[in-house]
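Reading through the structure tokens given below for one structure.
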Ligand SMILES: Cc1cc2nc3c(=O)[nH]c(=O)nc-3n(C[C@H](O)[C@H](O)[C@H](O)COP(=O)(O)OP(=O)(O)OC[C@H]3O[C@@H](n4cnc5c(N)ncnc54)[C@H](O)[C@@H]3O)c2cc1C
Ligand code: SF4
Ligand code: SF4
């Protein structure tokens, strides 16, 4: 859940979780389970719009604190970036200790290591993903269209079905224009 | 399961020093009360035409601080050893 969505729709994440647990499919999976703790955590998925603050005199910032999180809608990763940035920070500190110098200039080695490794490369590849995922049609129009199309394709009550492209056009009616669909597809190609 | 039942499962070391304070004058002017929806621990409750706040069940997620666009929330980490003490991560 995005915090902005929770606020905009005036629903609580805690209520959504309870609704989710009541879903018949989920109920089967959690039956007999017991809650042992209740926790909450924000995930800072911001995308690499600008390079995050990574080092200052005497300070290195790693993992979530530096916003090193990747969310593309299909994946959500932060544990790997936290570990890799932790290792890079440790190597930087060893180097700084050898020199006896902990200024931002020396600690800049940390950024170099992140650039060489996968952390900043991966974040760079998907830097437009968070902005793309703000598109509300991904959560409303497209799932509705997919369900509608599936119904039209798989439901066979004896009435003659239309071809798949015609069915797509029917499902789009009143929901989205062909132009908009293409524009979204193009943005998806650029962002994901 | 209600939120208060869930919170009862948690281990808290309540500090006498309050780690979140809100500027009530700003809350009185506030129309949207975003904090009420943002907080997973129901620390912010809309009651008698205004928002009341208690820090005891706080899970230290930081959502309220980001959600409030009025700058009414002052948020600092509780002192070491205090606040929510997660037992399972
Ligand atoms: C529900 C959920 C699902 C996720 N799923 C995945 C996934 O499938 N794959 C994946 O790669 N990532 C996932 N992540 C993201 C991943 O968990 C984080 O990106 C990662 O744990 C960040 O590591 P970190 O060390 O930077 O921060 P954290 O793990 O948050 O560690 C910070 C530590 O600092 C401590 N701390 C905070 N303040 C203080 C203080 N004042 N004094 C002392 N200590 C303090 C905290 O108690 C905490 O132990 C998920 C996150 C969530 C919330
Ligand atoms: S959103 Fe901010 S100003 Fe509004 S009620 Fe909540 S804390 Fe007060
Ligand atoms: S930090 Fe999280 S749990 Fe604590 S009061 Fe704010 S929103 Fe609620």
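Residue numbers (the working numbering), protein chains in the order written: chain B, 1 to 192; chain G, 193 to 281.
We treat Cβ as the ideally placed atom computed from N, Cα and C, and that holds for glycine.
Treat the numbers as computed from the prediction; the structure is a model and nothing was measured.
- Close partners of residue 10 of chain B in chain G (Cβ separation under 8 Å): 229.
- Note on the region 52 to 121 of chain B: whole alpha helix (DSSP H) runs with a minimum of 4 residues are 79 to 99, 104 to 107, 109 to 116, in chain order.
- Of B/50, B/9, B/33, B/32, the smallest CA-CA separation from residue 124 of chain B is found for B/50.
- Under the three-state reduction of DSSP output, residue 187 of chain B falls in the helix class.
- Scanning its chain for C-beta atoms nearer than 8 Å, with the 5 sequence neighbours on each side dropped, one finds around residue 192 of chain B the residues 72, 73, 74, 126, 129, 132, in chain order.
- For residue 265 of chain G, the CB falls within less than 7 Å of some heavy atom of ligand 2.
- In this chain, the alpha helix (DSSP H) harbouring residue 164 of chain B covers 164 to 172.
- For the pair residue 119 of chain B and residue 47 of chain B, the Cα-to-Cα distance works out to about 12 Å.
- Each residue's CA atom was taken as its position, placing residue 80 of chain B and residue 89 of chain B some 14 Å apart.
- Among the CB atoms of chain G, one or more fall inside 8 Å of the CB of residue 3 of chain B.
- Of the other Cβ atoms in all chains shown, 16 or more fall within 10 Å of the Cβ of residue 253 of chain G; this residue is therefore buried.
- Contacts with chain B at 8 Å (Cβ-Cβ) do not include residue 270 of chain G.
- Relative to ligand 2, the nearest heavy atom lies less than 7 Å away from the CB of residue 218 of chain G.
- Contact check for residue 212 of chain G against residue 258 of chain G fails: the beta carbons are separated by 8 Å or more.
- In this structure, the CA atom of residue 218 of chain G is about 36 Å from the CA atom of residue 76 of chain B.
- DSSP, read as helix, strand or coil, puts residue 236 of chain G in strand.
- Bounds of any beta strand (DSSP E) do not take in residue 50 of chain B, whose DSSP letter is neither H nor E.
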